[in-house]
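Just below is one structure, and these are the notes that go with it.
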Amino acid sequence: MQALELLAPARNKEIGIAAIDCGADAVYIAGPDFGARKAAGNSFEDIGELCTYAHRFGVKVFVTYNTLWRDGEEEEAHAQMLRTQEAGADAFIIREPRIAAWEDITIPIHASTQCAIRDVERARWFESLGCERIILERELSLEQIRAICAAVQCEVEFFVHGALCVCYSGDCRLSEYLDGRSADRGECIQACRSLYDLVDGDGRVLLRNKAILSLKDFNLKARLEELADAGVSSFKIEGRLKNASYVKNVVRDYSLALDALVAKYPERYCRASWGEVMGGFVPDTGKTFNRGYTELFLDGKRGRWSSMDAPKSMGEAVGTVSRIRRNAATRTMEFSVKPTRAGVELRNGDGFAFATADGVTGFRGDVCEGLQVRCKDVPDLREGMTLYRNISAAFEKTLETQVCRREIPVRLSVRVHGKYVLELHAVTQDGREVLSPFHTDVETAENRERAEAMLREQLGKRSGVYRFSVGELLIETAGGALPLLSAATLNAMRRLVADDLDQVGVSRQPNVRCRSREVGAWAPDRVSDYPAIPLEGAQGVKAYQSASLMRSKYCVRYELGLCPKYQGAKPPQELFLLNNGRRLALHFDCAACEMTVTA
Numbered sequence: 000m001q002a003l004e005l006l007a008p009a010r011n012k013e014i015g016i017a018a019i020d021c022g023a024d025a026v027y028i029a030g031p032d033f034g035a036r037k038a039a040g041n042s043f044e045d046i047g048e049l050c051t052y053a054h055r056f057g058v059k060v061f062v063t064y065n066t067l068w069r070d071g072e073e074e075e076a077h078a079q080m081l082r083t084q085e086a087g088a089d090a091f092i093i094r095e096p097r098i099a100a101w102e103d104i105t106i107p108i109h110a111s112t113q114c115a116i117r118d119v120e121r122a123r124w125f126e127s128l129g130c131e132r133i134i135l136e137r138e139l140s141l142e143q144i145r146a147i148c149a150a151v152q153c154e155v156e157f158f159v160h161g162a163l164c165v166c167y168s169g170d171c172r173l174s175e176y177l178d179g180r181s182a183d184r185g186e187c188i189q190a191c192r193s194l195y196d197l198v199d200g201d202g203r204v205l206l207r208n209k210a211i212l213s214l215k216d217f218n219l220k221a222r223l224e225e226l227a228d229a230g231v232s233s234f235k236i237e238g239r240l241k242n243a244s245y246v247k248n249v250v251r252d253y254s255l256a257l258d259a260l261v262a263k264y265p266e267r268y269c270r271a272s273w274g275e276v277m278g279g280f281v282p283d284t285g286k287t288f289n290r291g292y293t294e295l296f297l298d299g300k301r302g303r304w305s306s307m308d309a310p311k312s313m314g315e316a317v318g319t320v321s322r323i324r325r326n327a328a329t330r331t332m333e334f335s336v337k338p339t340r341a342g343v344e345l346r347n348g349d350g351f352a353f354a355t356a357d358g359v360t361g362f363r364g365d366v367c368e369g370l371q372v373r374c375k376d377v378p379d380l381r382e383g384m385t386l387y388r389n390i391s392a393a394f395e396k397t398l399e400t401q402v403c404r405r406e407i408p409v410r411l412s413v414r415v416h417g418k419y420v421l422e423l424h425a426v427t428q429d430g431r432e433v434l435s436p437f438h439t440d441v442e443t444a445e446n447r448e449r450a451e452a453m454l455r456e457q458l459g460k461r462s463g464v465y466r467f468s469v470g471e472l473l474i475e476t477a478g479g480a481l482p483l484l485s486a487a488t489l490n491a492m493r494r495l496v497a498d499d500l501d502q503v504g505v506s507r508q509p510n511v512r513c514r515s516r517e518v519g520a521w522a523p524d525r526v527s528d529y530p531a532i533p534l535e536g537a538q539g540v541k542a543y544q545s546a547s548l549m550r551s552k553y554c555v556r557y558e559l560g561l562c563p564k565y566q567g568a569k570p571p572q573e574l575f576l577l578n579n580g581r582r583l584a585l586h587f588d589c590a591a592c593e594m595t596v597t598a
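Listed below in structure tokens is the structure:
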């Protein structure tokens with residue numbers, strides 16, 4: 000049976016716990032340093048607390064050490080990883096292959112998507128280092144994923160939701176070239192979301208002030224079954240800089256989708272952790288930050304992937320703007336919304352956005368009554384414009400107040416021996432088992448039916464993370480007598496059983512590092528196209544003049560209908576991106592169907 004894992008991002012401990020409560024089977028989080036999101040570091044203490052909570056449900060915690068190191072950093076990175084390992088981490092997500100040679104790192108290592116794994120050769124090479132999991136490049140087709148899964152014995156992880164880098168993962172130096180901050184060091188400035196002019200070799204402007212390199216967000220919820228059938232076992236959500244409401248909403252949505260897949264094929268699939276999510280909210284990823292959604296290259300075909308008109312979240316269209324009234328004295332405005340569909344309700348604090356020639360403008364609706372909005376003046380808003388809602392105050396409130404609760408089902412059997420012994424036999428969903436006898440020096444209940452109902456009601460409640468369900472109730476006394484126990488006594492018994500289950504501990508697999516082949520010395524020439532560690536200073540700038548700053552499956556010419564291969568167009572010989580006096584050259588390899596960006 001194949002275990003399916005939903006892997007959620009955690010900017011911090013609190014968001015990690017929220018993701019677990021909403022149904023995540025694993026979370027990934029950064030340690031203090033050396034993570035690919037420098038703004039998302041966490042202390043060893045917080046990682047330890049997250050691990051303690053996660054392991055109660057068999058949820059795993061993966062810690063990211065997936066930056067490239069500079070000279071002299073190896074010792075500090077090694078020391079941090081040892082402390083993280085002691086805190087209870089279940090695996091490390093790595094970028095530096097030399098980590099594989101450290102014998103004192105005993106938990107599994109996963110090859111990060113930054114390792115640029117997009118073919119069988121590269122997948123096998125990282126497996127040969129001892130990686131128990133490889134995380135694939137996002138710009139792959141389903142058939143490419145299937146071929147890689149068939150070629151390796153290790154686990155395969157694939158992103159299914161969230162923001163997309165325009166370049167191949169781990170193969171981008173644009174941020175460092177433009178601003179000196181390297182994506183390989185967790186400092187990406189997201190230059191792909193910046194606005195550019197597109198000009199040809201003669202200086203003619205083809206596009207002005209557009210986020211030409213910005214892609215829509217990934218959404219493969221409808222393709223989980225195909226990915227699982229191809230061999231993917233871990234389904235990853237992007238977003239270690241996202242807030243709690245984003246993570247909760249997306250995790251709940253995908254967890255329900257995986258539950259449906261397991262229910263459809265109960266003999267083939269199961270979830271990788273245990274526990275059931277109770278209560279909570281109805282998820283809706285349309286109400287969460289997104290730039291529009293795409294399935295990218297999964298079908299092996301090109302599509303319109305760009306979000307150049309809206310590099311920020313536009314949200315859902317709610318209607319068109321009408322009857323604007325501005326008050327110059329108070330610098331406020333009031334307008335009406337003509338809804339595009341029935342049932343549109345606006346609430347105080349909703350966030351709105353609209354598109355102009357200069358990009359996306361957002362603002363807050365301070366007072367919303369029906370379809371009337373009052374707020375601070377937004378000069379660029381005009382009548383007839385389409386209005387989008389990118390923050391739903393009502394939905395955010397729902398996420399905050401209707402909290403998901405994760406519980407472990409417990410099957411409880413009750414046996415009464417003689418007159419004074421009540422024995423509780425508890426078996427959890429994950430297979431833990433305790434037998435707890437209680438001596439009950441009390442009177443015999445006169446009303447057997449009422450006493451049995453009391454037993455079922457009080458013993459069947461929730462204690463801690465455990466939800467008890469009384470199954471069989473066996474009476475082994477003459478005449479079927481039951482002890483007369485108060486509700487308080489039965490509740491105390493149930494809590495003691497829950498404490499006993501906690502003492503049993505979680506029956507997880509031991510963290511044993513497997514090495515399928517002997518680990519050799521680090522030899523970059525053994526893997527094609529492995530990106531070099533960025534150079535610094537004048538030497539680095541000189542090297543960039545002849546090297547590509549990024550490679551991508553995304554193609555500006557195809558996006559604009561200028562592709563000679565698929566659209567029969569005759570594009571300009573040269574295309575450039577301009578931004579604040581900086582010029583980037585675009586190059587097109589039609590044989591490989593790739594675009595590169597150079598200085």
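Residue numbering for the sequence shown follows numbering that gives the first Met the number 0, beginning at 0 and increasing consecutively.
In this text, a Cβ means the ideal position worked out from N, Cα and C, and glycines have one as well.
Quick caveat: nothing in here was measured; it's all calculated off a predicted structure.
Item                                                                                                                                                                            : Value
Taking the C-alpha atoms as reference points, what is the distance between residue 18 and residue 497?                                                                          : 24 Å
What does the Cβ neighbour count give for residue 609, buried or exposed, with the cut at 16 atoms within 10 Å?                                                                 : Residue 609 lies beyond the stretch modelled for the chain, which goes from 0 to 598, so this question has no answer here.
Return the residue from the list 13, 205 and 113 that minimises the CA-CA distance to residue 671.                                                                              : This structure does not reach residue 671, given that the chain is present from 0 up to 598, and the question cannot be answered.
Would residue 165 be called buried (16 or more neighbouring beta carbons within 10 Å of its own) or exposed?                                                                    : buried
List the residues that DSSP assigns as beta-bridge partners of residue 408.                                                                                                     : 466
Leaving out the 5 sequence neighbours to the left and right, which residues in its chain are closer than 8 Å to residue 220 when beta-carbon positions are compared?            : 159, 160, 252, 253, 256 and 284
Can you pull the DSSP bridge partners for residue 216?                                                                                                                          : 292
Would the region 191 to 207 count as touching the region 574 to 586 if we require 3 or more Cβ pairs under 8 Å?                                                                 : yes
May I ask you to report which of helix, strand or coil DSSP gives residue 196?                                                                                                  : strand
From this set, 9, 297, 10 and 215, which residue's C-alpha is nearest residue 138's C-alpha?                                                                                    : 297
Is residue 389 close to chain C? Criterion is C-beta to C-beta, closer than 8 Å.                                                                                                : Absent here is chain C; the protein component of the structure consists of one chain.
Is DSSP giving residue 512 helix, strand or coil here?                                                                                                                          : Only weak support is given to the placement of residue 512: the predicted model assigns it a pLDDT of 43, under 50, and the question is left unresolved by the model.
Can you tell me which of 479, 491 and 188 puts its alpha carbon nearest to the alpha carbon of residue 459?                                                                     : 491
Nearest to residue 654 by CA position, among 364, 351, 272 and 60, is which residue?                                                                                            : What is shown of the chain runs 0 to 598, which leaves residue 654 out entirely.
Could I get the ranges of all uninterrupted beta strand (DSSP E) runs contained in the region 353 to 398, with 3 residues as the minimum, in chain order?                       : 358 to 363, 366 to 368, 371 to 375 and 385 to 390
Do you know whose CA, among 132, 565, 375 and 372, lies nearest residue 590's CA?                                                                                               : 565
Per the contact definition of three or more C-beta pairs closer than 8 Å, is the region 373 to 391 in contact with the region 414 to 421?                                       : no
Beta carbon of residue 6, beta carbon of residue 211: below 8 Å?                                                                                                                : no
Under the three-state reduction of DSSP, which class applies to residue 97: helix, strand or coil?                                                                              : helix
Return the first residue and the last residue of the alpha helix (DSSP H) that residue 596 is part of.                                                                          : Unbroken run through residue 596 is the beta strand (DSSP E), 593 to 597; no alpha helix (DSSP H).
Distance check for residue 93 and residue 39, CA to CA, integer angstroms please.                                                                                               : 16 Å
With distances taken Cα to Cα, identify the nearest neighbour of residue 145 among 176, 232 and 259.                                                                            : 232
What separation, rounded to the nearest whole angstrom, lies between the Cα atoms of residue 129 and residue 135?                                                               : 16 Å
Excluding the 5 residues preceding and the 5 following residue 528 in the sequence, name in chain order all residues of the same chain whose CB lies nearer than 6 Å to its CB. : The predicted position of residue 528 is uncertain, since its pLDDT is 42 and thus under 50; a value taken from the coordinates is nonetheless stated next. There are no such residues.
Can you name the start and end residues of the beta strand (DSSP E) that residue 269 belongs to?                                                                                : 268 to 270
With DSSP as the reference, label residue 144 as helix, strand or coil.                                                                                                         : helix
As a quick exercise: from 493, 35, 472 and 563, pick the residue whose alpha carbon is nearest that of residue 416.                                                             : 472
How about residue 320 and residue 343: are their beta carbons less than 8 Å apart?                                                                                              : no
Using only the alpha-carbon positions, how far apart do residue 541 and residue 177 sit?                                                                                        : Note that residue 541 scores a pLDDT of 42, beneath 50, so its modelled location is shaky and nothing firm can be said.
Considering only DSSP beta bridges, list what residue 277 is partnered with.                                                                                                    : 404
Run through the DSSP bridge pairs and tell me what residue 31 is partnered with.                                                                                                : Note: residue 31 sits in no beta bridge, so no partner.
Would a C-beta distance cut-off of 8 Å place residue 484 and residue 441 closer than the cut-off?                                                                               : yes
Once DSSP output is grouped into helix, strand and coil, what is the label at residue 11?                                                                                       : coil
Would you say residue 79 and residue 33 are within 8 Å of each other, going by their C-beta atoms?                                                                              : yes
If contacts are defined as beta-carbon pairs under 8 Å, then residue 153 and residue 126 qualify, I think. What distance do you get, rounded to the angstrom?                   : 5 Å
Taking the alpha carbon of residue 314 as the point to measure from, which residue in 486, 300 and 360 has its own alpha carbon closest?                                        : 360
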